[in-house]
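Encoded as structure tokens, the structure appears first; notes follow it.
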Amino acid sequence: MTEALRKRVWARRLTLAAAVLSFGGIAAALLGAVGSGQGVWHFRTGFVILRYAFFATIAGGLIALAALLLVRRYGLHGLTRLNLVALIVSVVFVTYLGHQVRVSRQVPAIHDVSTNLDDVPSFYRLHVRQDNYADIPDLGRPPLARLTPRERWKAVHRMAYGDIRTISLPLSVSDTIDRAAALANERGWEVVTIDKVNGILEAVATSRFFRFKDNIVIRVRKGPEGEAVVDMRSLSRVGISDIGVNAKRIRAFLADMQEAKQG
4 MTEALRKRVW ARRLTLAAAV LSFGGIAAAL LGAVGSGQGV WHFRTGFVIL
54 RYAFFATIAG GLIALAALLL VRRYGLHGLT RLNLVALIVS VVFVTYLGHQ
104 VRVSRQVPAI HDVSTNLDDV PSFYRLHVRQ DNYADIPDLG RPPLARLTPR
154 ERWKAVHRMA YGDIRTISLP LSVSDTIDRA AALANERGWE VVTIDKVNGI
204 LEAVATSRFF RFKDNIVIRV RKGPEGEAVV DMRSLSRVGI SDIGVNAKRI
254 RAFLADMQEA KQG
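If you want my numbering, it's the position in the sequence shown, counting the first as 1, plus 3.
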């Protein structure tokens with residue numbers, strides 16, 4: 004076998020390896036997420052699968068890059084597209100997961116977010132998990148470490164999500180609950196409680212792949228000037244960190260409620 008022929012064979016092998024690792028990594032990630040969502044295995048097992056899928060996809064992208072150099076040099080143009088697709092898949096997937104990891108490091112490892120920390124909205128049909136304040140980080144700060152878990156949660160919450168606050172709307176309590184229910188339905192949340200008399204709406208938001216469920220409560224009270232005073236709480240049922248999902252949800256929801264005010 005000549006040297007040129009040997010390198011062509013290696014170009015084909017590398018192309019196959021790139022495709023298997025890149026596409027296989029995506030398939031494994033989906034399998035890990037869907038399996039967790041369907042209860043086939045624990046979500047932590049799904050995360051382990053996701054981590055290995057991440058590394059496999061990185062390897063696939065690097066191999067695809069090397070294979071591209073070979074197939075172009077030896078005129079194997081039929082393999083160019085496959086390597087390009089494998090490389091693009093790798094870059095997109097790794098960029099997406101890398102962004103998630105970066106966000107997770109920028110937000111505190113808490114999973115319960117509320118607009119009102121001094122009078123936190125209570126759940127009625129839904130529940131607060133028993134270990135809700137079990138693993139609140141102290142951020143390496145002795146003053147935080149000395150606080151009770153609940154007070155430490157409040158302190159960390161204020162530092163990270165100080166912009167999330169109660170809002171007021173020039174609407175009745177009943178109309179505000181109606182607006183909140185409409186927005187919840189638009190988002191595909193499962194609404195489990197609508198109580199216009201007590202100004203309570205409860206709902207469950209479910210993530211797409213892992214099927215993580217977050218409990219949500221919206222509390223509406225009549226203010227001193229007849230306005231609707233709106234508080235919201237979003238809490239993850241499992242996990243220590245929510246990667247900022249609950250805060251993002253509250254910000255977006257209340258922004259839409261504010262648009263109703265302007266409309």
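Note that the Cβ used here is the ideal one computed from N, Cα and C, for glycine as well.
Excluding the 5 residues preceding and the 5 following residue i in the sequence, name in chain order all residues of the same chain whose CB lies nearer than 6 Å to its CB.
| i | result |
| --- | --- |
| S2 | Examination of residue 2 is not possible in this model, given that the chain is present from 4 through 266 alone. |
| I139 | P152, R155 and W156 |
| G35 | G49, I52 and L53 |
| W192 | A206 and A208 |
| R252 | S237 |
| F58 | none |
Per DSSP, what are the beta-bridge partners of residue i in this structure?
| i | result |
| --- | --- |
| S239 | D217 |
| R222 | I203 and D234 |
| A208 | D217 |
| S117 | R236 |
Where do the ends of the beta strand (DSSP E) carrying residue i lie?
| i | result |
| --- | --- |
| D134 | Neither: D134 is in no beta strand (DSSP E) and is coded neither H nor E. |
| L172 | I170 to L172 |
| T196 | E193 to D198 |
Thinking residue i and residue j are a contact (beta carbons under 8 Å), I'd like their distance in whole angstroms, please.
| i | j | result |
| --- | --- | --- |
| R236 | V220 | 5 Å |
| L17 | A70 | 4 Å |
| I91 | T60 | I91 to T60, Cβ: 11 Å. No contact. |
| A14 | V88 | Going by Cβ atoms, the distance from A14 to V88 rounds to 16 Å, so no, they are not a contact pair. |
By Cβ distance below 8 Å, which residues in the same chain neighbour residue i in space, the five residues on each side in sequence not counted?
| i | result |
| --- | --- |
| N249 | H114, D115, V116, D217, S237, L238 and S239 |
Going along the chain, which residues of its own chain have a beta-carbon closer than 7 Å to the beta-carbon of residue i, five neighbours each way excluded?
| i | result |
| --- | --- |
| V106 | I246 and G247 |
| G242 | H114 |
| G266 | Because G266 sits at a pLDDT of 48, beneath the cut-off of 50, its placement in the model cannot be relied upon, and the following sentence gives the value as read from the coordinates. Cβ neighbours of G266 beyond the five flanking positions: none. |
| A22 | L85 and A89 |
Could you please give the first and the last residue of the uninterrupted alpha helix (DSSP H) stretch that includes residue i?
| i | result |
| --- | --- |
| E189 | V176 to E189 |
| I167 | First-last for I167: undefined, no H or E at that position. |
| G49 | F46 to R76 |
| L299 | Because the chain is modelled from 4 through 266, residue 299 falls outside the range shown and cannot be assessed. |
| A112 | It is not in any alpha helix (DSSP H) - A112 carries neither H nor E in the DSSP assignment. |
**the region 197-205 in contact with the region 171-183 per 3-pair CB rule at 8 Å** = yes
**Asked** Is it true that the region 222-233 meets the region 160-179, where meeting means three or more beta-carbon pairs spaced less than 8 Å apart?
**Response** yes
**Message:** Closer than 8 Å is the cut-off here; do at least three beta carbon pairs connect the region 89-105 with the region 130-146?
**Reply:** no
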